[in-house]
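Have a look at the structure below before the remarks.
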Amino acid sequence: MGRIERLKAITSKRIEAFLASIEKPETVMPQLVREMADRVGEAARAEAKALTAVKADRRRLDAANGRVDRFFNGAKLAWQADERETASQAIAAQIEAEREVAQCGGCLASSEAAYESACQVRKQLQNQLHELKLRKQE
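In the working numbering, the protein residues as written are 79 to 216.
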């Protein structure tokens, strides 16, 4: 997430500096547009990586929830079969799986926040690129 914010800040400052200091816009603008397009591409790749992380965290959370359910059902069946030791072990495993669910939930929240940030940065960069192309046409 820090890289995305840095990319956003650098790009914004660079555009401002270029626009403030250009003497011959017809020579500088094409280069600036190319660089901005590259930044948009980098932001899109960062967004894709963040989305991949979100999907992986969701899979881990789903798997952990599945383990909780299996251990719960196993403990229930063991209890009904009057196997107290097995039921106790299943309950202990269920508690551990519930801890993992909580941890996976935190990771998912973090990766979703990073994804949202990456989306916002990419959209901002695309808007800036669009504005820059409009200025270039002027």
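Ideal placement from N, C-alpha and C gives every residue a C-beta, glycine not left out. None of the values given here were measured: they were computed from a predicted structure.
Query raised in the report: How would you write the range of the alpha helix (DSSP H) that Ala159 sits in, first residue to last?
Result: Premise fails: Ala159 is in no alpha helix (DSSP H) and is neither H nor E.
Requested in this report: Kindly list the residues whose CB is nearer than 8 Å to the CB of Arg200, restricted to its own chain and excluding five residues on each side of it in sequence; keep chain order.
Outcome: So the list reads Val118, Ala121, Ala122, Ala124, Glu125, once near-sequence residues are dropped.
Query - Residues near Phe149 in its chain [Cβ-Cβ closer than 8 Å; skip 5 each side] - result: Here the set comprises Ala168, Ile169, Ala171, Gln172, Ala175.
Query raised in the report: Buried or exposed: Lys86, going by 16 or more other Cβ atoms within 10 Å of its Cβ?
Result: Its Cβ being crowded by 16 or more others within 10 Å, Lys86 is buried.
Requested in this report: Under the assumption that Cys182 contacts Asp135 (Cβ atoms under 8 Å), give the Cβ distance between them as a whole number of angstroms.
Outcome: Yes, they are in contact, since the Cβ atoms of Cys182 and Asp135 sit about 7 Å apart, within 8 Å.
Report task. With a cut-off of 8 Å on the beta carbons, I'd call Glu194 and Ala142 a contact; round off their distance for me. Result -> About 23 Å; that fails the 8 Å criterion.
Report task. Determine the burial state of Val212: buried for a count of at least 16 other Cβ atoms within 10 Å of its Cβ, exposed for fewer. Result -> The question names Val, but residue 212 is Leu in the sequence shown. By the 10 Å Cβ count, Leu212 comes out exposed.
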